[in-house]
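Peer 1:
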Amino acid sequence: MSSIQHLRDIADLNTDNVRTLLSRARFFKDALDNKKDVSDKHRGKVGLSFFVENSTRTRISFEMAALRLGISMIHWDSASSSLSKGESFDDTIETLAALAPDVLIMRHSEYNAPRSVARYMPCPVVNGGDSYRAHPTQALLDLMTIEEHKGDVSKLKIAICGDIAHSRVARSNAALLDMLGADIHMVAPEYLLPQELPYKNATAYTSLDEGIKDCDVVMMLRLQKERMTQGLISSDQDYFNSFGLTHERLKHAKADAVVMHPGPMNRGVEIDNAVADDPHISLIRAQVANGVPMRMAVLDWLLEQNEA
């Protein structure tokens, strides 16, 4: 089982892996754009969608990616599972492992859950997000989107702004961009910054105006209120007044800067409607669209690695 390749976090990848995934994602995007059927790639494979935490974009994107590749998907429902009857989580995982799926895609609120699950599974485990720790496929599709519109990230200055302390998206993006040599600005109020930034190319800022100065890309994050202690944010309006991205604030970034957001957005809290919907600068819909080909690339690559 030790030879199985998983994608639990960015640390499971090296730069060659990342470039391979980007190349495959572009291939699949071209195939989708040109209505080319690639469902023979993994026809006959069965995937398990194991989402213990709520999701719209990630779950649907993964399931669509799997179906495009010919993988039949089974969605595990926690409400109707034996967990609701008192079965332990470990027993549930061992039961699913005994059913021998070809790939397991999971999301869980527990920190490091994909690494725990991977110990049991006889197939690749793909992390669709765990706790505030990691969301590797979001970082990969964000990278794909950035390079489509701005080129090589090693030449870019990229600001990640908002609730960094509680954001798995921020951590995975920072880890991936750091690996590839981007200049990263981690921008948040002091109470929403982690105590340490374990990235050699990252600098912390507590002012949005200063943090996005001369940046090529401004990536906004939502407030993760479900992971905060009560009273950390005085009000949504106060937060928007200090850290909400508006066209006026965006003038501090480069004139041709683009705006990103992994979703779901809290409009009027971390981002103004006019910015989110501006077709000239907003890449938010492009991020969503790139989720399918990038996740196709991840599934294709992992299944290929584990057939070798």
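Per the working numbering, the very first residue in the sequence shown carries number 184; after that it's consecutive. Here a beta-carbon is modelled for each residue, glycine too, at the ideal position from N, C-alpha and C. Please read all numbers here as calculations on a predicted model, not as lab measurements.
#1: Do Ser355 and Ala387 count as a contact pair if the criterion is CB distance below 9 Å?
#2: If you run the structure through DSSP and keep just helix, strand and coil, what is Met247?
#3: With DSSP as the reference, label Ala342 as helix, strand or coil.
#4: Considering only their Cβ atoms, is the gap separating Asp439 from Asp399 smaller than 9 Å?
#5: From the DSSP output, in three-state form, read off Arg316 for me.
#6: Suppose the cutoff is 8 Å on Cβ atoms and the five residues either side in sequence are ignored; what does the same chain contact list for Ala194 look like?
#7: Per the DSSP calculation, Gly230 is bridged to which residue(s)?
#8: Whose C-beta lies closer than 7 Å to the C-beta of Met448 among residues of the same chain, with five residues either side of it excluded?
#9: So does the stretch 340-349 actually touch the stretch 296-308, counting three or more Cβ pairs closer than 8 Å?
#10: So, are the CB atoms of Trp484 and Thr203 less than 9 Å apart?
#11: Return helix, strand or coil for His291, following the three-state DSSP convention.
#12: Whole beta strand (DSSP E) runs in the stretch 378-408 with 3 or more residues, listed along the chain?
#13: So, for Val471: in the same chain, excluding its five sequence neighbours on each side, which residues have a beta-carbon less than 8 Å away from its beta-carbon?
#14: In the structure shown, what three-state DSSP assignment does Gly474 receive?
#15: For the candidate residues Asn473, Ser314 and His332, whose alpha-carbon lies nearest to that of Ile347?
#16: Let's test the definition: count the other Cβ atoms within 10 Å of the Cβ of Gln321 and tell me whether it reaches 16, buried, or not, exposed.
#17: Can you look up Asn489 in the DSSP assignment and give me helix, strand or coil?
#18: Considering only the alpha carbon of each residue, which of Asn489, Val475 and Gln488 lies closest to Thr328?
#19: Would you kindly work out how many angstroms separate the C-alpha atoms of Glu373 and Cys344, rounded to a whole number?
#20: In its own chain, which residues sit with a C-beta less than 6 Å from the C-beta of His435, not counting the 5 before and 5 after it?
Peer 2: Walking through what the data contain:
#1: If you number the sequence shown from 1, residue 387 lands on position 204. If you number the sequence shown from 1, residue 355 lands on position 172. The Cβ atoms of Ala387 and Ser355 do not sit closer than 9 Å to each other.
#2: Translated into positions along the sequence shown, residue 247 becomes position 64. For Met247, the secondary structure class from DSSP, reduced to helix, strand or coil, is helix.
#3: Position 159 of the sequence shown, counting from 1, holds the residue named residue 342. Strand.
#4: Residue 399 sits at position 216 when you count from the first residue of the sequence shown. Residue 439 sits at position 256 when you count from the first residue of the sequence shown. Result yes, Cβ atoms of Asp399 and Asp439 sit closer than 9 Å.
#5: Counted from its first residue, the sequence shown places residue 316 at position 133. The DSSP-derived three-state label of Arg316 is coil.
#6: Numbered from its first residue, the sequence shown carries residue 194 at position 11. Only residues of its own chain outside the window of five on either side were considered, and among them Ala358 have a CB closer than 8 Å to the CB of Ala194, listed in chain order.
#7: Reading the sequence shown from its first residue, position 47 is the one you call residue 230. Gly230 pairs with Met256 and Val286.
#8: As a position in the sequence shown, residue 448 is number 265, starting the count at 1. Cβ within range, chain order: Arg405, Ile454 and Ala459.
#9: The stretch 340-349 vs the stretch 296-308: no contact.
#10: Walking along the sequence shown from the start, residue 484 turns up at place 301. Walking along the sequence shown from the start, residue 203 turns up at place 20. In this structure, Thr203 lies closer than 9 Å to Trp484 by Cβ.
#11: Translated into positions along the sequence shown, residue 291 becomes position 108. Correct three-state label for His291: strand.
#12: With a minimum length of 3 residues, the continuous beta strand (DSSP E) runs that stay inside the stretch 378-408 are 385-388 and 400-403.
#13: Taking the sequence shown and counting its residues from 1, one reaches residue 471 at position 288. Counting only residues of its own chain and dropping the five nearest sequence neighbours on each side, Val471 has a CB closer than 8 Å to the CB of Arg240, Ser244 and Gly446.
#14: Residue numbering aside, residue 474 sits at position 291 when the sequence shown is read from its first letter. Assignment of Gly474 by DSSP, reduced to helix, strand and coil, places it in the helix class.
#15: Counted from its first residue, the sequence shown places residue 347 at position 164. Ranking Asn473, Ser314 and His332 by Cα distance to Ile347 puts Ser314 first.
#16: Translated into positions along the sequence shown, residue 321 becomes position 138. The residue in question, Gln321, is buried, as its Cβ has 16 or more Cβ neighbours within 10 Å.
#17: Counted from its first residue, the sequence shown places residue 489 at position 306. Of the three classes helix, strand and coil, the one that applies to Asn489 here is helix, per DSSP.
#18: Looking up residue 328 in the sequence shown gives position 145. The shortest C-alpha separation from Thr328 is found at Val475.
#19: Here residue 373 is taken as the residue at index 190 of the sequence shown, counted from 1. Here residue 344 is taken as the residue at index 161 of the sequence shown, counted from 1. Per the coordinates, the alpha-carbon of Glu373 lies some 12 Å from the alpha-carbon of Cys344.
#20: For the purposes of this step, residue 435 is identified with residue 252 of the sequence shown, where counting begins at 1. Around His435, the same chain offers Asp392, Ile395 and Lys396 as residues with beta carbons nearer than 6 Å, after the five sequence neighbours per side are excluded.
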